[in-house]
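The listed protein sequences derive, respectively, from chains A and B.
Add 312 to the 1-based position in the first sequence for my numbering, that's all there is to it.
Add 61 to the 1-based position in the second sequence for my numbering, that's all there is to it.
C-beta: ideal position from N, C-alpha, C; glycine also.
Nothing here was measured: the structure is a model prediction, and the numbers come from that model.
Working notes for the structure below.
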Amino acid sequence: MEPIQRRNLLRGGSLILVAGMVSACGVFGGTSGGTDSPGSASGSGPVSLEFWTINLKEGYTPYIEGAISRYEQDNPGTTIKWVDIPDFEQTQSKLLAAISGGATPDVVNMTPFILPKFAATGAVYSLDELTPDTASIAAEYNPGLWDAGVIDGKPYAIPFYGSVSALIYNTELFGKAGLDPDKPPANWDEVFAAAKKIHEKTGASGFVQTLDDFDDAGNPSDILAGQAGAPLLSPDGKKAAFATPEAVAHLEQYATGVKEGWIDRTSVNGGVMDGAKVLAQGKTAMVFLGPWILRWLEDNTDAETFKKFRVAVHPEGAGGAANGFLQHFAIPKASKNPKQALDFARYFSSTVLELAKQAPVLPGVESIAEDPYFQSTPETKVIVEQEVKFYWPKHPAVAELFAALRTEFQAALLGDKTSEAALQDAAREWDRILANGQ
Amino acid sequence: MNDSALETRRGRAARRARPGRTWRTVRDSRWGWLLAVPAVGLIGGFVLYPALNTLLYSFTDFNGLTPASWVGMRQYTTLATDPVFHRTLLNSALITVVVTVLLVCLPLPVAYWIHRGIPFRRFFRTVLYLPVVVPIIVSSVAWKWMLDEGGLVNHVLLTLGIVDEPVSWLSDPGWAIWSVAGVIVWRAFGIYLLIYLAGLSTLPDEHFEAAAIDGAGHVRTFANIVVPQLRGSIVLSSVIAFVAAMRTFDEIYVLTGGGPVNASKNTAYYIWESAFSFFKFGYGSAMAVVLLVIVLGLVLLGLRLAKGAR
Chain A
313 MEPIQRRNLL
323 RGGSLILVAG
333 MVSACGVFGG
343 TSGGTDSPGS
353 ASGSGPVSLE
363 FWTINLKEGY
373 TPYIEGAISR
383 YEQDNPGTTI
393 KWVDIPDFEQ
403 TQSKLLAAIS
413 GGATPDVVNM
423 TPFILPKFAA
433 TGAVYSLDEL
443 TPDTASIAAE
453 YNPGLWDAGV
463 IDGKPYAIPF
473 YGSVSALIYN
483 TELFGKAGLD
493 PDKPPANWDE
503 VFAAAKKIHE
513 KTGASGFVQT
523 LDDFDDAGNP
533 SDILAGQAGA
543 PLLSPDGKKA
553 AFATPEAVAH
563 LEQYATGVKE
573 GWIDRTSVNG
583 GVMDGAKVLA
593 QGKTAMVFLG
603 PWILRWLEDN
613 TDAETFKKFR
623 VAVHPEGAGG
633 AANGFLQHFA
643 IPKASKNPKQ
653 ALDFARYFSS
663 TVLELAKQAP
673 VLPGVESIAE
683 DPYFQSTPET
693 KVIVEQEVKF
703 YWPKHPAVAE
713 LFAALRTEFQ
723 AALLGDKTSE
733 AALQDAAREW
743 DRILANGQ
Chain B
62 MNDSALETRR
72 GRAARRARPG
82 RTWRTVRDSR
92 WGWLLAVPAV
102 GLIGGFVLYP
112 ALNTLLYSFT
122 DFNGLTPASW
132 VGMRQYTTLA
142 TDPVFHRTLL
152 NSALITVVVT
162 VLLVCLPLPV
172 AYWIHRGIPF
182 RRFFRTVLYL
192 PVVVPIIVSS
202 VAWKWMLDEG
212 GLVNHVLLTL
222 GIVDEPVSWL
232 SDPGWAIWSV
242 AGVIVWRAFG
252 IYLLIYLAGL
262 STLPDEHFEA
272 AAIDGAGHVR
282 TFANIVVPQL
292 RGSIVLSSVI
302 AFVAAMRTFD
312 EIYVLTGGGP
322 VNASKNTAYY
332 IWESAFSFFK
342 FGYGSAMAVV
352 LLVIVLGLVL
362 LGLRLAKGAR
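Right under this line is the structure:
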């Protein structure tokens, strides 16, 4: 009896194990979104579009619903079903599941982190397939944000809104360190010098620059390309090109800073909000984030503390432009009404002024940035006064590339490797990933 | 073969020969199969099918978006030379050994202590079980704040003079993996406590009374009565703790993201990262299959050893 029971137990256990492990990977299945020729539903009867946004339900529902309602009124017969995905990481898995199940949205809010993969596999439309007029459409948008959706020369996305990295700093710590709060650091040499002085005089760290994925949180692409001016890829896009002497010297500053304490150690393994938290607690003097973080700081600090924070333009780096991160709209291939979907995406990106008045973001549509509202506060001014550039490699394996870079950066910052060895190892790993393709 | 066995066989044969009985047997058997259909369907659909799919995809380059191409053993040969995978296996082993040993050993004396009727036993039982009912994501975020360099844990250690400067629990490669293991043990402790309490409640009081009459103290009673009699509960706890530790994901995701420098990345996390972050479902499937073989092999070995020691 006993051996039989044990065998049954093992059989059952093994099945549970398989299920558990598979559940870690999700249900594998699905095919491409299809390659039907784009249809045109405009004016050809009732049209229903499913519209996905990322994390906009909380706080922005009236804006979204109002904009949708206006579109529906202006386009009789068209109804919009709005679905909000609570966070950007879920967008990826939910979109995969939707494509597998053949129930894709018509317009989906994507990040540059996933667009290249969907573009490379033909899961989203190139806008050229939907309209012959992409050149004039492109002219309406911020060039830096539009370019983020152009992959191998083809536009795949309509910019929704962007976030531009700025300097957010604690004036009290500046004052205690003998620095002039009205003259924040304007370039990276000044940032490093100020950070050392702040740490020396106050004990707090000078700044946090986390190594996570968001560009406006200072990920490695900003450090290399934006601050040190090193190109990430060779001109043909097939090799890593960032292991330059300038990049090595710049990374060495970071390694020294972490070791000596004038760069906060949260930089090594923290995320965007970890960096913001350290600033809110008064443990560091500077972060380099989009001005949207001021809203979080206001909500999570008392009024007296919040008064200490000030925003300034992002310190000038050798890359010549501030880091940009953005949200854009793509049209999945499985959309039954892709042309109407494109029309809605363009319409929605034109409503961003309303969103910007609630959270300081850079509109994708360039003319909106000329609205006087953006001159009304320091945080909105820094958004529109900086040139924006998208430094990420627009490659399908972008997540894997960044993971490799982040690991090597961590090794350098922790002193496990020299900065030169870390960058060379990272470059070798990039070459391997790029050679494998995706 | 004894007579009763022969009789039984004859009786069975006679029953089989009666037509009415045969029909009833067939009818009962049909009902049995019919009643099993929902369970078989659920297991087939939600366990077997995904499991076989995983095995199948491990031989492809499936990326979740385009039809998969057969690549034979390529994913497995890549795994053999992938240093990150090797590191994750080592990390999985470290986490699993520490977590399993602690979760099998620590709750047992505590359960005995509570079972012996200490004051406020309900309070202790509730408090120790509380972390189990708190969502993992919530408790992990709370621990992330507490393990921060300026967090509660360092504050207490500094105040008590145990450390001279804050410990980088989550950003020091030497500490990150142990911090993760500690949080797992804290969270799961209550489950194993309950298993042992359930086991203890089945032990006859006479054993404890006899031990007391013989003059055995708590330690001796624990060693000579409780541990041997709870062998089944201990084996069960070992298997559950081992499998759960090998599959750890949530704590790593929230606390360290597998870093720094892959110091706390285990295989389960790497499977998720490969599949859902890198879109390498074929590669992730190959890792899942390897992990399954390892877990299954070790569980079988453990059970065989446990049987041998009996």
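Scanning the region 486-542 of chain A from its first residue to its last, the whole beta strand (DSSP E) runs of 3-plus residues come out as 517-520. For residue 559 of chain A, there is no enclosing beta strand (DSSP E); the enclosing alpha helix (DSSP H) has its first and last residue at 557-572. Residue 157 of chain B sits away from residue 348 of chain B, with the two beta carbons spaced by 7 Å or more. Listed as beta-bridge partners of residue 359 of chain A by DSSP are A/390.
Fewer than three pairs of CB atoms, one per stretch, sit closer than 8 Å, so the region 604-616 of chain A makes no contact with the region 545-563 of chain A. Note that the region 434-448 of chain A does not touch the region 567-580 of chain A; fewer than 3 beta-carbon pairs, one per stretch, sit closer than 8 Å. With fewer than 16 other Cβ atoms from the protein chains shown falling within 10 Å of its own Cβ, residue 134 of chain B counts as exposed. Taking 4 residues as the shortest admissible run, the region 301-341 of chain B contains the following complete alpha helix (DSSP H) segments, listed from N- to C-terminal end: 311-316, 328-333. Linking residue 745 of chain A to residue 137 of chain B through their CA atoms gives a straight-line distance of about 17 Å.
Between the C-alpha atoms of residue 497 of chain A and residue 627 of chain A there is a straight-line separation of about 6 Å. Judged by DSSP secondary structure, residue 286 of chain B falls outside any alpha helix (DSSP H); it is assigned neither H nor E. For residue 622 of chain A, the enclosing beta strand (DSSP E) stretches over residues 621-625. CA-CA distance, residue 730 of chain A to residue 709 of chain A, rounds to 26 Å.
Annotated as proximal: residue 702 of chain A and residue 636 of chain A, with beta-carbon spacing under 7 Å. In the structure shown, the three-state DSSP call for residue 466 of chain A is strand.
The Cβ of residue 581 of chain A sits closer than 7 Å to at least one Cβ of chain B. Counting along the chain, the unbroken alpha helix (DSSP H) around residue 456 of chain A starts and ends at 455-459. When CB distances to chain B are screened at a threshold of 9 Å, not a single residue of the region 442-474 of chain A falls below it. Within the region 197-275 of chain B, the runs of alpha helix (DSSP H) at least 4 residues long that lie entirely inside it are, in chain order, 197-207, 213-220, 234-262, 266-274.
Taking 7 Å as the threshold, the shortest C-beta distance from residue 222 of chain B to chain A does not fall below it.
Under the three-state reduction of DSSP output, residue 695 of chain A falls in the helix class. DSSP, reduced to helix, strand and coil, places residue 628 of chain A within a strand of the structure shown. Of all residues in the region 399-419 of chain A, only 404, 405, 408, 411 come within less than 7 Å of chain B when Cβ atoms are compared, listed by chain position. Between the alpha carbons of residue 281 of chain B and residue 243 of chain B lies a gap of roughly 29 Å. Within chain A, the residues 581, 722 have their CB atoms less than 7 Å from the CB of residue 320 of chain B, given in chain order. Taking a C-beta distance under 7 Å as the contact criterion, residue 123 of chain B and residue 343 of chain B qualify as a contact pair. Below 8 Å, enough C-beta pairs join the region 593-604 of chain A and the region 474-481 of chain A to call them touching: three or more. With 16 or more other Cβ atoms from the protein chains shown falling within 10 Å of its own Cβ, residue 722 of chain A counts as buried. In the DSSP annotation of this structure, the continuous segment of the beta strand (DSSP E) that includes residue 636 of chain A starts and ends at 634-642. For residue 481 of chain A, the enclosing beta strand (DSSP E) begins and ends at 478-482. When A/363, A/713, A/517 are compared, the shortest CA-CA separation from residue 489 of chain A is found for A/517. Within the region 124-135 of chain B, those residues whose Cβ lies closer than 7 Å to any Cβ of chain A are, in chain order, 124, 125, 126, 127, 128. At a cut-off of 4 residues, the continuous stretches assigned as alpha helix (DSSP H) that sit fully inside the region 566-613 of chain A are 578-581, 584-592, 605-612. Taking C-alpha positions only, residue 346 of chain B is separated from residue 654 of chain A by approximately 36 Å. Note on residue 491 of chain A: 16 or more other CB atoms within 10 angstroms of its CB, so buried under the neighbour-count rule.
For residue 475 of chain A, the three-state secondary structure derived from DSSP is strand.
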